[in-house]
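There are 2 protein chains.
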Amino acid sequence: MTTLATPAAPAEPRSGGREARRRARLNRSTGALHRPYIVRGIPTYDIMSEENLVRIEKTADRILAEIGIEFRDDPVALDHWKRAGAHIDGVLVKFEPGMLREVLKTAPAEFTQHARNPANSVQIGGKNVVFSPAYGSPFVMDLDKGRRYGTIEDFCNFVKLAQSSPWLHHSGGTICEPVDVPVNKRHLDMVYAHIKYSDRGFMGSVTAESRAEDSIDMARILFGEKFADENCVILGNVNVNSPLVWDATMTTALRAYARANQAAVIVPFILGGAMGPVTNAGAIAQSLAETMAGCALTQLERPGAPVIFGNFLSSMSLRSGSPTFGTPEPAIGSMVIGQLARRLNLPLRCSGNFTTSKLPDAHAMNEGTMSMLAAVHCGANFILHSAGFLDGLLSMSYEKFVMDADFCGALHSYLDGVKVDDNQLALDAFQEVGPGNHFFGCAHTVANYETAFWDSEIADNEAFEKWEAAGSEDAATRANKRWKKALAEYEAPALDEGIDEALKDYMARRKASMEDAWY
Amino acid sequence: MTTLATPAAPAEPRSGGREARRRARLNRSTGALHRPYIVRGIPTYDIMSEENLVRIEKTADRILAEIGIEFRDDPVALDHWKRAGAHIDGVLVKFEPGMLREVLKTAPAEFTQHARNPANSVQIGGKNVVFSPAYGSPFVMDLDKGRRYGTIEDFCNFVKLAQSSPWLHHSGGTICEPVDVPVNKRHLDMVYAHIKYSDRGFMGSVTAESRAEDSIDMARILFGEKFADENCVILGNVNVNSPLVWDATMTTALRAYARANQAAVIVPFILGGAMGPVTNAGAIAQSLAETMAGCALTQLERPGAPVIFGNFLSSMSLRSGSPTFGTPEPAIGSMVIGQLARRLNLPLRCSGNFTTSKLPDAHAMNEGTMSMLAAVHCGANFILHSAGFLDGLLSMSYEKFVMDADFCGALHSYLDGVKVDDNQLALDAFQEVGPGNHFFGCAHTVANYETAFWDSEIADNEAFEKWEAAGSEDAATRANKRWKKALAEYEAPALDEGIDEALKDYMARRKASMEDAWY
Chain A
102 MTTLATPAAP
112 AEPRSGGREA
122 RRRARLNRST
132 GALHRPYIVR
142 GIPTYDIMSE
152 ENLVRIEKTA
162 DRILAEIGIE
172 FRDDPVALDH
182 WKRAGAHIDG
192 VLVKFEPGML
202 REVLKTAPAE
212 FTQHARNPAN
222 SVQIGGKNVV
232 FSPAYGSPFV
242 MDLDKGRRYG
252 TIEDFCNFVK
262 LAQSSPWLHH
272 SGGTICEPVD
282 VPVNKRHLDM
292 VYAHIKYSDR
302 GFMGSVTAES
312 RAEDSIDMAR
322 ILFGEKFADE
332 NCVILGNVNV
342 NSPLVWDATM
352 TTALRAYARA
362 NQAAVIVPFI
372 LGGAMGPVTN
382 AGAIAQSLAE
392 TMAGCALTQL
402 ERPGAPVIFG
412 NFLSSMSLRS
422 GSPTFGTPEP
432 AIGSMVIGQL
442 ARRLNLPLRC
452 SGNFTTSKLP
462 DAHAMNEGTM
472 SMLAAVHCGA
482 NFILHSAGFL
492 DGLLSMSYEK
502 FVMDADFCGA
512 LHSYLDGVKV
522 DDNQLALDAF
532 QEVGPGNHFF
542 GCAHTVANYE
552 TAFWDSEIAD
562 NEAFEKWEAA
572 GSEDAATRAN
582 KRWKKALAEY
592 EAPALDEGID
602 EALKDYMARR
612 KASMEDAWY
Chain B
102 MTTLATPAAP
112 AEPRSGGREA
122 RRRARLNRST
132 GALHRPYIVR
142 GIPTYDIMSE
152 ENLVRIEKTA
162 DRILAEIGIE
172 FRDDPVALDH
182 WKRAGAHIDG
192 VLVKFEPGML
202 REVLKTAPAE
212 FTQHARNPAN
222 SVQIGGKNVV
232 FSPAYGSPFV
242 MDLDKGRRYG
252 TIEDFCNFVK
262 LAQSSPWLHH
272 SGGTICEPVD
282 VPVNKRHLDM
292 VYAHIKYSDR
302 GFMGSVTAES
312 RAEDSIDMAR
322 ILFGEKFADE
332 NCVILGNVNV
342 NSPLVWDATM
352 TTALRAYARA
362 NQAAVIVPFI
372 LGGAMGPVTN
382 AGAIAQSLAE
392 TMAGCALTQL
402 ERPGAPVIFG
412 NFLSSMSLRS
422 GSPTFGTPEP
432 AIGSMVIGQL
442 ARRLNLPLRC
452 SGNFTTSKLP
462 DAHAMNEGTM
472 SMLAAVHCGA
482 NFILHSAGFL
492 DGLLSMSYEK
502 FVMDADFCGA
512 LHSYLDGVKV
522 DDNQLALDAF
532 QEVGPGNHFF
542 GCAHTVANYE
552 TAFWDSEIAD
562 NEAFEKWEAA
572 GSEDAATRAN
582 KRWKKALAEY
592 EAPALDEGID
602 EALKDYMARR
612 KASMEDAWY
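Line order of the protein sequences matches chains A and B.
All the letters of the first sequence, read from the start, carry residue numbers 102 to 620 under this note's numbering.
All the letters of the second sequence, read from the start, carry residue numbers 102 to 620 under this note's numbering.
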């Protein structure tokens with residue numbers, strides 16, 4: 102393996118203050134990111150009483166103790182559970198109340214995921230909020246060409262768009278499925294694209310233990326073996342096969358990440374009425390049970406490995422029988438999930454801009470905005486699906502991507518909250534202006550206007566006549582222009598040539614060892 | 102004046118529970134409203150510390166004591182202030198710290214606004230949330246005919262659409278300006294339309310003292326003089342001429358409502374950088390000062406009259422110099438306003454679905470959803486502009502109206518929160534289903550699916566292929582069909598013929614006493 106420069110120490114987390122906002126704003130056109138992540142200035146929105154939280158926790162404990170969780174086809178996982186004192190009956194594992202909480206005590210409450218550009222390393226946990234693009238769509242779409250299967254070109258485009266946005270903090274993982282690359286090889290191209298076209302944190306593959314290991318190996322090439330063993334340099338997003346089943350694909354991937362001291366994100370995917378009960382409290386209890394088990398397994402594989410408490414609640418349409426995304430019940434349920442994760446002292450992942458809309462239209466942004474706000478209100482530290490999500494995760498939309506990224510920008514201002522100091526209280530401005538006069542040119546306005554308000558690049562605040570004269574464009578049409586402009590202006594962050602060669606060499610060797618598989 | 106049947110006692114507030122939701126849902130297609138308002142099941146989102154709230158209050162007190170508020174051209178108002186112990190210098194009134202809070206102690210924390218159908222009376226204050234349509238646009242628009250000036254036909258259409266929606270609770274006020282009716286007479290037609298085409302609560306005119314009195318007189322005809330003197334039967338929305346000026350048009354209207362024991366809604370309109378400072382904390386302090394003064398004036402006019410603490414914060418675009426609506430700073434500022442209103446023990450009005458978008462598109466619903474959620478999170482009791490708002494309040498949109506009303510429906514489920522009981526926790530469902538099986542047909546799902554999830558009429562959750570085969574419609578196109586269907590199916594609630602005649606007679610007499618005025 103090539104010898105590499107040791108990455109510098111991570112940048113100090115920047116304050117969520119005005120100065121950071123000013124710099125971020127002034128440098129927007131260059132695509133430079135001046136806040137590597139958000140440090141929230143407002144509290145979380147805690148909606149549930151202690152008494153009811155305890156009832157949900159006790160229900161999760163009873164699910165774990167009386168019904169149990171199956172761990173299929175992974176004898177190592179079963180062996181871990183046996184040694185930890187769980188009850189094993191075939192593949193069914195039952196847990197005494199309190200056992201998993203005990204195991205989870207070794208998991209860190211907060212950790213740094215390092216980026217190859219240290220200024221872009223993110224702090225996951227605590228008051229920190231990291232926005233990451235949507236993940237896993239087979240299709241992509243844009244206004245020009247409509248919906249079609251994603252390709253590696255699309256994948257690279259979205260990596261570039263994320264890198265170009267000052268309001269996203271992370272490069273994501275399977276931004277879309279590049280279906281023109283064989284299934285068993287595409288993880289190599291995806292990880293390479295994240296490293297090559299972005300200098301932010303990223304996620305690796307989880308669709309097979311070997312693919313997880315390949316992803317981690319590539320991160321080791323980038324960061325150096327020692328650094329990568331001692332620090333988190335890659336995430337892997339693993340799903341529970343809800344209800345109450347962990348299959349070997351996921352547990353072996355999960356263990357591969359933990360073994361390498363990398364962070365698995367543990368995510369039950371519960372559509373109420375299908376993979377869980379139709380009632381919110383029950384789905385939340387199930388989510389807690391499944392996530393605790395997955396998180397605990399990482400600690401049995403390697404105590405102290407970083408791990409993220411994930412969730413993915415959704416509902417079903419009673420009219421169509423279809424899954425729904427961005428509906429009110431999961432949104433409000435997120436607040437409770439947040440409270441439960443904090444009681445476990447684990448970093449929290451939630452989902453962002455959910456919708457079933459097939460277009461970047463009013464429906465898409467109504468559902469997306471509600472679910473994204475739920476994610477930031479509930480205290481999520483890592484928000485997957487922050488940008489691009491359409492059609493119930495089946496499509497990655499170019500236009501919605503830039504709209505969502507713009508909304509992520511608005512959330513930087515929102516999460517700063519309301520600052521209170523003498524300048525903000527502006528008594529001098531009132532003294533200067535007095536009753537009945539305007540504040541346009543007053544000294545306080547001149548001193549503060551530049552940093553006062555979030556300025557969206559997608560919103561059109563012009564007068565109707567001016568907007569009409571400019572072509573009466575809707576937001577999707579404006580977004581279409583913006584992503585094309587961003588791609589045209591994109592510049593790849595420099596990558597050490599030795600590392601680039603080593604990565605290409607690794608990929609070539611790995612690909613040569615496999616026959617193409619297309620399903 | 103015609104003698105009228107005394108309205109029945111108001112309906113008991115319904116619980117926010119499942120039964121109410123079930124009935125509301127089952128009767129949706131009939132347009133019947135089964136929850137006259139929402140009783141919130143989740144706490145408010147309090148983002149500011151006690152210490153900072155006190156600093157904002159002290160700043161408001163200093164604005165009131167050191168800078169003061171002008172009360173122009175209303176000697177009665179100045180006389181009220183003099184007797185209450187304020188310092189008067191010409192039209193400038195200054196208030197000792199604590200004085201206004203003392204005056205405000207007679208204002209009720211919660212009151213009922215009666216509707217002519219007692220089942221639709223709303224409780225304003227406390228944990229109650231009332232959704233009311235947008236207010237005041239000169240233009241209307243729809244997808245077929247684009248933007249044009251509003252007419253009395255449009256006005257009546259929106260009253261009918263609001264009445265048809267089970268998710269709005271109130272008929273609103275100046276839903277749009279009917280510009281085909283003379284300025285000095287249109288208030289009569291507007292109030293009549295609310296009474297004739299809706300059986301919910303409504304708002305009267307405030308654009309002149311005589312128009313306020315006409316509006317109240319018409320409410321007296323509807324409810325009977327005695328009932329109307331003892332109960333709130335009409336609201337009036339009065340604006341401060343920010344910064345720090347109350348003009349006579351507003352104070353005389355405000356006093357007319359209070360004198361009649363009707364509720365004025367006191368609303369500073371502060372665009373940061375124009376009518377207030379560009380910094381949020383200062384704009385909030387100003388809003389508090391202006392609103393306290395207006396609310397207190399109602400109590401000097403008639404101690405104990407209902408009054409609503411309103412606010413309308415917004416910002417400016419630094420690029421275009423245009424006002425913005427639905428941006429993050431006012432949204433997060435609303436949370437603080439809510440905390441301040443509760444410390445005064447007054448019912449709170451906030452604004453709902455704000456946007457500068459000229460179309461019912463992604464931009465509109467991104468901004469609208471953020472501002473509407475801020476209004477419900479901050480604890481607003483009366484949410485004006487809940488439906489239809491476009492183009493910075495210049496246009497009332499038929500399509501956005503039905504989209505917003507649908508979102509109001511979603512917020513019914515959202516504000517119910519997460520219920521925790523044995524049925525909701527669903528342990529029996531897990532016992533029945535077990536690991537790896539689905540919940541589709543299990544007993545718990547069958548017993549609960551009907552009431553489990555909000556089911557939007559605007560969202561399309563179908564599979565992409567089915568949506569495409571049905572014409573690939575966006576949300577605005579679906580909304581266009583829905584408002585036409587709602588108008589076609591609208592049935593006017595029966596109105597006592599004697600009352601109807603008396604109202605027409607009153608209007609005819611009042612109109613005959615005036616020359617047409619067109620500006």
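For every residue, glycine included, the Cβ atom is placed at its ideal position computed from N, Cα and C.
Predicted model only: the values in this text are computed from it and were never measured.
9 Å Cβ cutoff, residue i in contact with chain B
i	result
A:R610	no
A:V339	no
A:D330	no
A:N153	yes
A:L345	yes
Amino acids of chain B, ordered along the chain, whose beta-carbon sits closer than 8 Å to that of residue i
i	result
A:Q532	E167 and I168
A:R156	V521 and L526
Within chain B, partners of residue i - CB distance below 7 Å
i	result
A:V503	Correct list: empty, because the minimum Cβ distance to chain B is about 11 Å.
A:G572	The contacting residues do not exist; A:G572 stays about 11 Å from chain B at best.
Residue i vs residue j beta-carbon contact at 9 Å
i	j	result
A:E391	A:V339	no
A:E513	A:I139	First, the amino acid is wrong: residue 513 of chain A is His here, not Glu. Their beta carbons are under 9 Å apart, which means A:H513 touches A:I139 by this criterion.
A:E203	A:A187	no
A:S299	A:G337	no
B:A442	B:E158	no
A:A375	B:F541	yes
A:L165	A:K195	yes
B:A349	B:D174	yes
Within-9 Å CB hit, residue i to chain A
i	result
B:Y550	yes
B:R444	no
B:A618	no
B:R123	Caution is warranted here: a pLDDT of 42 is assigned to B:R123, below 50, making its placement in the model unreliable, and the coordinate value is therefore given only provisionally. With 9 Å as the cut-off, B:R123 does not count as an interface residue toward chain A.
B:Q264	no
B:W584	no
Which listed residue (the options) has its alpha carbon closest to that of residue i
i	options	result
A:P536	B:P279, B:P137 and B:P344	B:P344
A:G237	A:A527, A:V534, A:L495 and A:H539	A:L495
B:D575	B:D255, B:G422, B:G186 and B:M504	B:M504
A:L460	A:G453, A:S452 and A:G469	A:G469
A:P43	A:H271, A:I600 and A:L372	Nothing about residue 43 of chain A can be reported from this structure: the residues present for chain A run from 102 to 620 only.
A:I484	A:A394, A:L269 and A:R173	A:L269
B:T352	B:N362, B:I367 and B:L449	B:I367
B:G411	B:S418, B:N446 and B:P404	B:N446
A:P407	A:A161, A:F172, A:I148 and A:T213	A:T213
B:V241	B:T425, B:A216, B:T275 and B:K228	B:T275
Contacts of residue i in chain A (Cβ-Cβ under 8 Å)
i	result
B:I148	I143, P144, G518 and V519
B:N229	The contacting residues do not exist; B:N229 stays about 18 Å from chain A at best.
B:D561	T457, S458, K459 and H464
Chain A residues whose Cβ lies nearer than 7 Å to that of residue i
i	result
B:S238	Ordered by position in chain A, no residue passes the 7 Å Cβ test against B:S238, which lies about 12 Å from the chain.
B:Y515	P429, A432 and I433
Contact list for residue i against chain B, beta-carbon separation under 9 Å
i	result
A:M376	H539 and F540
A:A187	Ordered by position in chain B, no residue passes the 9 Å Cβ test against A:A187, which lies about 14 Å from the chain.
Open item on the list: I'd like the ranges of any beta strand (DSSP E) spanning at least 3 consecutive residues and lying wholly in the stretch 313-341 of chain A.
Closed with: 336-341
TODO: Enumerate, from N- to C-terminal direction, the unbroken beta strand (DSSP E) stretches of 3 or more residues contained entirely within the stretch 195-277 of chain A.
DONE: 211-214, 223-226, 229-232, 240-243 and 247-250
Task: Segments of 3+ residues assigned as beta strand (DSSP E) that fall wholly inside the stretch 493-520 of chain A - done: 496-498
- [ ] Could you name each continuous beta strand (DSSP E) segment of 3 residues or more that falls completely within the stretch 371-423 of chain B, going from the start of the chain to the end?
- [x] 408-410 and 414-417
- [ ] Only counting runs of 3 or more residues, tell me where the beta strand (DSSP E) segments fall wholly within the stretch 131-189 of chain A, in order along the chain.
- [x] 170-172
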